[in-house]
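Structure record follows, encoded as structure tokens.
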Amino acid sequence: MRTSGLVAAALCAASTSSAAAIYERQGNGSIPQPPASDLAYSPPDYPSPWMDPEANGWQQAYAQAQAFVSQLTLLEKVNLTTGVGWMSERCVGNTGSIPRLGLRGLCLQDGPLGLRLSDYNSAFPVGITAGATWSRHLWNDRGRLMGTEAKGKGIDVLLGPASGPIGRAPTGGRNWEGFSVDPYMAGIAMAETIKGIQDAGVIATAKHYIANEQEHFRQAGEAQGYGFDVDESLSSNLDDKTLHELYAWPFQDSVRAGVGAVMCSYNQINNSYGCQNSKLMNGILKDEFGFQGFIMSDWQAQHAGAATAAAGLDMSMPGDTVFNSGRSYWGANLTLGVVNGTVAPWRLDDMAMRIMAAFFKVGRVVGETEDINFSSWTRDSIGFIQPHASENPAQVNFQVDVRGNHAHHIRESAAKGTVILKNEGALPLNKPKFIAVIGEDAGSNPAGPNGCNDRGCAAGTYAMGWGSGTSQFPYLVTPDAALQRQALEDNSRYESVLQNNQWAAVQGVVSQPNVTAIVFANAASGEGYISVDGNAGDRKNLTLWNSGDELIKNVSSICSNTIVVIHSVGPVLLTDWYENPNITAIVWAGVPGQESGNSITDILYGKRSPGRSPFTWGRTRESYGADVLYEPNNGNGAPQSDFTEGVFIDYREFDRATAENPENTPLFEFGFGLSWSTFEYSNLNVEKRQVRPYNPTTGQTIAAPSFGNASTDLDDYLFPSNIRPIRNFIYPYLNVSSAEDASDDDSYGEEAADFLPPGALDGSAQPKNPAGGAPGGNRQLWDILYTITATITNTGSATTDEVPQLYLSHGGEGEPVRVLRGFERIERIAPGESKTFRAELTRRDLSNWDTVSQNWVITDAPKTIWVGSSSRNLPLTATLE
Ligand code: NOJ
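Those letters in the sequence shown? Residues -21 to -1, 1 to 860, per mature numbering (1 follows the signal peptide of the UniProt record, and there is no 0), in order.
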């Protein structure tokens, strides 16, 4: 039986502190949140599920992995599971190697928008801009092209895509890495991206699992660096229903899409660390969702040894407890744990199986993968293979150009992900007489596009957030450059003023007759290890940066044709000026990547169809409800972020609040975006499909399989005398054959039974999860219950794309007014032409998570659907039987 028990203890309890840079703590616009009283609790869930040889889509990979893993020694298996340490090899994460069988160490590299710390790679639009295209095929293409670039550099595992954070708080620092605040949409974008990456032969990583919704306090050490006296990382406290219906939903889709890897997050969930939370890893991801790949830790998110193994972690990244400590929770400790019985041998086998099955699933072949031909740590050709230890000088950068013709996709995707929020006839531009481009956000960063490490600044045009989810720009086309080129082609007059504080110059230009002023402004955010202007990852407010609001107000006070373009990571407050009649257009250009200027030119001149907003534009910061927790609220214990809003984030919150008070109506709703044409929606048709009633999965798993035998003599695991140890490199070998000394742990010798939660070592057959049974969960969750169609007719005069959206009300108490359950970007509908929008509602789409039966249930409450062009413009409606 799966059992409950004590919260697992650590095998090797080294203290953790972040190696991230220290920054001064700055004032912020925090919204006080009450301290939690009773601390939330995460129930235990053991044993850790092992792979299912029959799992859909994994059978062949399983057989190949079994053949490979069966040949491995214990030390070789450990080597697969444990990184060699921060900067100990060329990639941001590197596993140990198995030279005897020709497997080089696996190369893991960021990230969600392409390759980090590399060269001759592309800088794709960030997730939120890709999301705003609402285009499945562009998501798939983007994934495939990123995967192709990764493969060409010798990368085995790409550390993306992300749907955590999903965007609970509009100020969340890393929201832009994901696609949408809506889980249904994020899930589809994740799945398409994963399929694209993996079709290119590279393992994708769905991250960060889970409820990793803010940067503040994500790691205690990092928070201490900002001057906060906290000893533990933030706990995101959320209930089972919210978990299933919101935060875990896109991960379930990722599993169904066959994702090879999942990264567990820094934060705690209900006061249990993401990378040792047995409920979330064993219980939800592996048991219920049927995940067959491997779970890796985020970098330094592992806080224990045997406990993390028992809770379902499969790979320790980057392998050392703290960057460059030379110590590991796994490595030698995992070897010792398996020999002394605190880690079940089948658990180690399962880790190795999961890693190798993911490897084979994406078509990789041992001994035939590309060489790693770049180094994350230098752009010089010659460097060290082990940079931290300065060992083995060699050519490490081969300047392999992997960009192909990807620029074409990037330009198209960023344009199609640009959202027109307001247009009083100003757009599209048509050979304007005189264009004045105003604002720092239209020009270059004087330090160059890659002038700030990991893009940790907002200087020049904003085309990428900051942190690990970045890449080096191969070039950056600025709006100034691209718009000027267009102006020259059209014989327009063109001037630009690219400093926000040059008011006299700006005034001189925008006060002239015939001017079309295009004002650029931005708002940035990123990962918590970098603080920019007091924004420690999370934004401290929702206003524009570098006095952008003043610039817009000033220009529009004297220029009656002011077009505003915003590059931002998410919503900003437009409330003060959006209604000004001199502001003739407002365009959200997202965070577009290397082709920024070309993409915005394509939209402003009407050469491409725009996108739709993947989040809501509220009137005030408060109107979003949930916000980042900026101050510790639990003494020096883990700050407690209570997700008391449940599933009511973004449009669900606005819909709920507007029903109470119309003043909460947002400026521009989720799914909104203007078009080059007008469309009529008609002929809503609901077809009910005949399906079998839902059957919870029953039966038993196989017993935990074991592959190969291992010696229990510690002498067999001593550091080989013929290997010269590399400084701080993480090895699987023991230094001494005394178990106690090798463990480096004062509490060594406690009985495993006292130490591990009940069930952790149990390898007997287990009952299958009623909501599970296959990758993505119970197969019948994906039965199609209804097919909905509607006719979309272009009633205007331009050929353009339309994005019909389908929303559902689950009905009943406490449910959102409506949730997204279908959408399609229908391309190039000609004037007068009609096309059919089609959406399929699955059982999961219609269900709610039932916390009592622990399964998806379609309630008796009446279900209504709507179809329209945004979450608030829904001309067609029907009730489902
Ligand atoms: C920490 C980040 O949270 C994660 O997204 C990234 O993949 C790793 N660092 C590696 O850079």
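Glycine included, C-beta positions come from ideal geometry on N, C-alpha and C.
Bridge partners of residue i, per DSSP?
i, result
"Ser295", "Thr61"
"Ser788", "Thr843"
"residue 864", "Missing from the structure shown is residue 864; the chain here goes from -21 to 860 and no further."
"Gln365", "Glu370"
"Lys814", "Ile771"
"Lys174", "The partner list for Lys174 (beta bridge, DSSP) is empty, contrary to what the question assumes."
"Asn216", "Asp621"
"Glu659", "Thr772"
"His546", "Asn501"
"Phe273", "Ala240"
"Trp828", "Trp835"
"Trp567", "Val398, Ile545"
"Asn145", "Asn is not the amino acid found at residue 145; the sequence shown has Ile there. DSSP lists no partner for Ile145."
"Leu855", "Val846"
"Ser251", "Ile248"
"Thr671", "Going by the sequence as given, residue 671 is Arg instead of Thr. Partner(s): none; Arg671 has no beta bridge."
"Ile562", "Thr541"
Hey, would you say the C-beta of residue i is under 6 Å away from at least one heavy atom of ligand 1?
i, result
"Leu264", "no"
"Trp356", "no"
"Val511", "no"
"Asn318", "Position check: residue 318 holds Val in this sequence, whereas Asn was assumed. Result no, Cβ not under 6 Å from ligand 1."
"Ser447", "yes"
"Val155", "Note that residue 155 corresponds to Trp in the displayed sequence, not to Val. Incorrect: Trp155 has no Cβ contact closer than 6 Å to ligand 1."
"Asp89", "yes"
"Val63", "no"
"Val71", "yes"
"Asp695", "no"
"residue 905", "Since the first and last residues shown for the chain are -21 and 860, residue 905 lies out of range."
"Leu94", "no"
"Leu760", "no"
"Ile799", "Reading the sequence as shown, one finds Leu at residue 799 and not Ile. Leu799: no, Cβ never under 6 Å from ligand 1."
"Leu137", "no"
Quick check on the burial criterion: 16 or more other C-beta atoms within 10 angstroms. Buried or exposed for residue i?
i, result
"Gly346", "exposed"
"Pro841", "exposed"
"residue 895", "Limits of the chain in this structure are -21 at one end and 860 at the other, which puts residue 895 out of reach."
"Arg807", "exposed"
"Pro550", "buried"
"Lys586", "exposed"
"Asn714", "exposed"
"Asp420", "buried"
"Asn852", "exposed"
"Ala199", "buried"
"Leu87", "buried"
"Ala483", "exposed"
"Asp208", "exposed"
"Tyr25", "buried"
"Asp293", "buried"
"His387", "exposed"
"Gln619", "buried"
"His282", "buried"
"Ile702", "exposed"
"Arg79", "exposed"
"Arg333", "buried"
"Ala739", "buried"
"Ala336", "buried"
What are the complete alpha helix (DSSP H) segments, minimum 4 residues, inside the segment 711 to 785?
The DSSP assignment places 718 to 722, 731 to 734 as complete runs of the alpha helix (DSSP H) inside the segment 711 to 785, in order along the chain (cut-off: 4 residues).
Please give the ranges of any alpha helix (DSSP H) in the segment 373 to 448, keeping only runs that are unbroken, at least 4 residues long and fully inside the region.
The qualifying runs are 385 to 395.
Completely contained alpha helix (DSSP H) runs for the segment 24 to 83, where each covers 4 or more residues:
Listed in chain order, they are 38 to 48, 53 to 60.
Which ranges would you report for the beta strand (DSSP E) in the segment 158 to 204 if only whole runs of at least 3 residues count?
Within the segment 158 to 204, the complete beta strand (DSSP E) runs of at least 3 residues are 182 to 188.
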